[in-house]
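Everything on this sheet refers to the single structure shown next.
2 protein chains.
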Amino acid sequence: MEDREAASVSTQKLHSMDSLKAACANCNLRELCVPGGIPIEELVKLDAIVAMRRRVKRGESLFNVGEKFRSLYAVRTGFFKTRITSNDGRDQITGFQVPGELLGFDGVATEHHGVDAIALEDSEVCILPYNELERIARDFQPLQHQLHRVMSREIVREQNVMLLLGTMKAEERVAAFLLNLSERYRHLGYAANEYVLRMTRQEIGSYLGLKLETVSRSFSKFQEQGIIEARGKNIKLLKMEALRKLISATKS
Amino acid sequence: MEDREAASVSTQKLHSMDSLKAACANCNLRELCVPGGIPIEELVKLDAIVAMRRRVKRGESLFNVGEKFRSLYAVRTGFFKTRITSNDGRDQITGFQVPGELLGFDGVATEHHGVDAIALEDSEVCILPYNELERIARDFQPLQHQLHRVMSREIVREQNVMLLLGTMKAEERVAAFLLNLSERYRHLGYAANEYVLRMTRQEIGSYLGLKLETVSRSFSKFQEQGIIEARGKNIKLLKMEALRKLISATKS
DNA sequence: TCGCGGTTTTGATTTTCATCAACAAGTCAT
DNA sequence: ATGACTTGTTGATGAAAATCAAAACCGCGA
Numbered sequence: 003m004e005d006r007e008a009a010s011v012s013t014q015k016l017h018s019m020d021s022l023k024a025a026c027a028n029c030n031l032r033e034l035c036v037p038g039g040i041p042i043e044e045l046v047k048l049d050a051i052v053a054m055r056r057r058v059k060r061g062e063s064l065f066n067v068g069e070k071f072r073s074l075y076a077v078r079t080g081f082f083k084t085r086i087t088s089n090d091g092r093d094q095i096t097g098f099q100v101p102g103e104l105l106g107f108d109g110v111a112t113e114h115h116g117v118d119a120i121a122l123e124d125s126e127v128c129i130l131p132y133n134e135l136e137r138i139a140r141d142f143q144p145l146q147h148q149l150h151r152v153m154s155r156e157i158v159r160e161q162n163v164m165l166l167l168g169t170m171k172a173e174e175r176v177a178a179f180l181l182n183l184s185e186r187y188r189h190l191g192y193a194a195n196e197y198v199l200r201m202t203r204q205e206i207g208s209y210l211g212l213k214l215e216t217v218s219r220s221f222s223k224f225q226e227q228g229i230i231e232a233r234g235k236n237i238k239l240l241k242m243e244a245l246r247k248l249i250s251a252t253k254s
Numbered sequence: 003m004e005d006r007e008a009a010s011v012s013t014q015k016l017h018s019m020d021s022l023k024a025a026c027a028n029c030n031l032r033e034l035c036v037p038g039g040i041p042i043e044e045l046v047k048l049d050a051i052v053a054m055r056r057r058v059k060r061g062e063s064l065f066n067v068g069e070k071f072r073s074l075y076a077v078r079t080g081f082f083k084t085r086i087t088s089n090d091g092r093d094q095i096t097g098f099q100v101p102g103e104l105l106g107f108d109g110v111a112t113e114h115h116g117v118d119a120i121a122l123e124d125s126e127v128c129i130l131p132y133n134e135l136e137r138i139a140r141d142f143q144p145l146q147h148q149l150h151r152v153m154s155r156e157i158v159r160e161q162n163v164m165l166l167l168g169t170m171k172a173e174e175r176v177a178a179f180l181l182n183l184s185e186r187y188r189h190l191g192y193a194a195n196e197y198v199l200r201m202t203r204q205e206i207g208s209y210l211g212l213k214l215e216t217v218s219r220s221f222s223k224f225q226e227q228g229i230i231e232a233r234g235k236n237i238k239l240l241k242m243e244a245l246r247k248l249i250s251a252t253k254s
């Protein structure tokens, strides 16, 4: 449990195309995982420490609660969920991560991961060893600043989830969820109004603080209203404006 | 709105004992706002940039949504709440801050504050100009690392609030809230089983995703059960173990 | 292709909490 | 100290979502 990183890198390398050399300078996700104007020569330095990639199969975890924190991860391809678990066995999905997004910031505080990160489809991540990241960030302020920005962005994101969980009704939450996914796919260059869900209704419910039946009913209702088309995991947003209106409902 | 900092520092100085020179090296909260082993000579550098303190009266805000982000703030004395507001006027309290805690990380991402920070009693904060903080953190890794740890801690805290909001029933939330405050007061050296609430039932409710009546009813019920004594804002925790048990209820 | 396990939908019922309302208790300013 | 206003308590009722249950659907491996 304490040393999954080293173990998986060495063992998996033998089996699959695991642990490829990364190359930030060429990565087409660069603007997402390391946005801002970082010049090419500094990206080369980043390459030097972003030593490895790692593949994670669907259903497997990238890291688990309690594991020693060593690295951040940038999702290259695939889809992840992060899940927090309490002493007494409650759990809650705290986020879904798409390509270009960073994982693992929860581990910095305690040096141990506070959530599980689980692949919802076969995925690949870049491994960013944290000590080295801090070291080169020290010599190069823009990277340091960027690191802070990304952490801050995560704080802001979570605050917005708190707002959702604390103040929104079931259908509003579901609408917000669909629009949020849409926005993120759009940002990745995919269609904003049509996508395939990678997670189950149960997982959506866990993220939104709802039961799976409630999520399903919301989908059905939106469908009846002609706002979306939902056949299983295939989602089409037919009236995005209607979805937006649902969120900003008559709520003082 | 854009330049509250400069304005308040210069104007308030004339009136009150505002804007005192800070002194991290002597501050008895040092272990809280800058824990870890930062040697005294580096604290002097920190002093050099932690130029000012600022007083905020009860009900006034330290900063507001949309204001330009310039500084982090360390609570020296008093009590704050942070509040996020959505487009359509929903709002939610995202946290309460006691002495030794840092405020303002939400502003790093966008360079503008994403929440309001409002004093719930007359308070005093140290102003930590962010640019300078980044600059000296660069020359001194332990400080940089500490900064990361504090941000990460905030991420973890918010994840736990998400868990609370997503999975707990009303009384469980209230119990968790009381215990959390207790723990934080204890950490400050105050009694863990007896304290005065600084916020209203409405504000507690907002934080917990509940209505004020529900909070009030939970208090009353705990009181009937002899678990707490609540007379207005004065709280005594009579059976902490019972409170803990309430949280880890029979929930698969 | 068939059948199986997991997922999703839909319905009926129950639980929880919000809402509405009235009053009590505190707090503040004068 | 007094009155006005805010905050808190408690009760009655209603709305929203959870729970329980059954059936339909889907994807996958034998």
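First to last, the protein sequences are chains A and B.
Just so we're aligned: 143 in the numbering used here is position 141 of the first sequence, and the numbers increase by one with no gaps anywhere.
Just so we're aligned: 35 in the numbering used here is position 33 of the second sequence, and the numbers increase by one with no gaps anywhere.
Note that CB positions come from ideal geometry on N, CA and C, so glycine has one too.
Bear in mind the structure is a predicted one, so any value in this text is a computation, not a measurement.
- Contact residues of the stretch 148-161 of chain A toward chain B are His150, Arg151, Met153, Ser154, Arg155, Glu156, Ile157, Val158, Glu160, Gln161 (C-beta to C-beta distance below 7 Å).
- One thing to note: A/Thr87 has its Cβ within 9 Å of the Cβ of A/Val67.
- Taking a beta-carbon distance threshold of 9 Å, B/Ala172 does not count as an interface residue toward chain A.
- Contact between the stretch 154-162 of chain B and the stretch 52-59 of chain B is absent: fewer than 3 CB-CB pairs across the two stretches fall below 8 Å.
- B/Glu231 sits away from B/Lys223, with the two beta carbons spaced by 9 Å or more.
- Rounded to whole angstroms, A/Phe179 and A/Ile42 show a C-alpha spacing of 36 Å.
- Under the three-state reduction of DSSP, B/Asn162 is assigned to helix.
- Note that the stretch 238-247 of chain A does not touch the stretch 189-204 of chain B; fewer than 3 beta-carbon pairs, one per stretch, sit closer than 8 Å.
- By the neighbour-count definition (other C-beta atoms within 10 Å, threshold 16), A/Lys247 is an exposed residue.
- The CB of B/Phe107 comes closer than 7 Å to the CB of Ser154, Ile157 in chain A, given here in chain order.
- In the three-state DSSP reduction, B/Asp108 falls in the helix class (H, G or I).
- Not flagged as an interface residue toward chain B: A/Arg72, since no C-beta distance is shorter than 9 Å.
- At a cut-off of 9 Å, the C-beta of B/Leu167 has a neighbouring C-beta in chain A.
- Contact note: B/Ala111 reaches chain A through Arg151, Ser154, Arg155, Val158, using a C-beta cutoff of 7 Å and chain order.
- For a Cβ distance threshold of 9 Å, nothing in chain A lies close to B/Asp118: the least Cβ distance comes to about 12 Å.
- Taken in chain order, the members of the stretch 77-111 of chain B whose beta-carbon sits within less than 8 Å of a beta-carbon on chain A are Ile86, Ser88, Asn89, Asp90, Gly91, Arg92, Asp93, Gln94, Thr96, Phe107, Asp108, Gly109, Val110, Ala111.
- Counting only the Cα atoms, A/Phe81 lies some 14 Å from A/Tyr192.
- Within the stretch 215-248 of chain B, the complete beta strand (DSSP E) runs of at least 3 residues fall at 230-233, 236-239.
- Against chain A, the beta carbon of B/Arg140 has neighbours under 7 Å at Arg140, Gln143, Gln146, listed in chain order.
- Scanning its chain for C-beta atoms nearer than 7 Å, with the 5 sequence neighbours on each side dropped, one finds around A/Glu174 the residues Leu248, Ile249, Ala251, in chain order.
- Following the DSSP letters along the chain, one finds A/Leu130 inside the beta strand (DSSP E) bounded by residues 118-131.
- A check of alpha carbon separations from A/Met201 across A/Ala27, A/Val46, A/Gly61 identifies A/Gly61 as the nearest.
- Around the C-beta of A/Glu126, 16 or more other C-beta atoms lie within 10 Å, and the residue is accordingly described as buried.
- The beta-carbon distance between A/His115 and A/Phe71, rounded to whole angstroms, is 6 Å. This is short enough to meet the 8 Å contact definition.
- Contact annotation, A/Met164 with B/Gln94: C-beta distance approximately 6 Å; criterion of less than 8 Å satisfied.
- Contact note: A/Gly211 reaches chain B through Met164, Leu167, Gly168, Thr169, Gly211, using a C-beta cutoff of 9 Å and chain order.
- Nearest C-alpha to B/Met170 among B/Thr79, B/Leu212, B/Ala244: B/Leu212.
- For B/Glu43, there is no enclosing beta strand (DSSP E); the enclosing alpha helix (DSSP H) covers residues 42-51.
- The DSSP-derived three-state label of B/Met153 is helix.
- Shown here, A/Ala76 sits in a strand according to DSSP, grouped into three states.
- For the pair A/Cys35 and A/Gly102, the CB atoms are nearer than the 9 Å cut-off.
- Comparing alpha carbon positions, the residue from A/Leu64, A/Glu69, A/Ser63, A/Ala76 closest to A/Cys29 is A/Ala76.
- Here the alpha carbons of A/Leu149 and A/Arg188 stand approximately 24 Å from one another.
- DSSP links A/Arg85 through a beta bridge to A/Ile95, A/Asp118.
- At a beta-carbon threshold of 8 Å, the residues of chain B lying near A/Glu136 are Gln143, Gln146, His147, His150, ordered along the chain.
- Burial is judged here by how many other beta carbons sit within 10 angstroms of a residue's own beta carbon; A/Arg92 has at least 16 and is buried.
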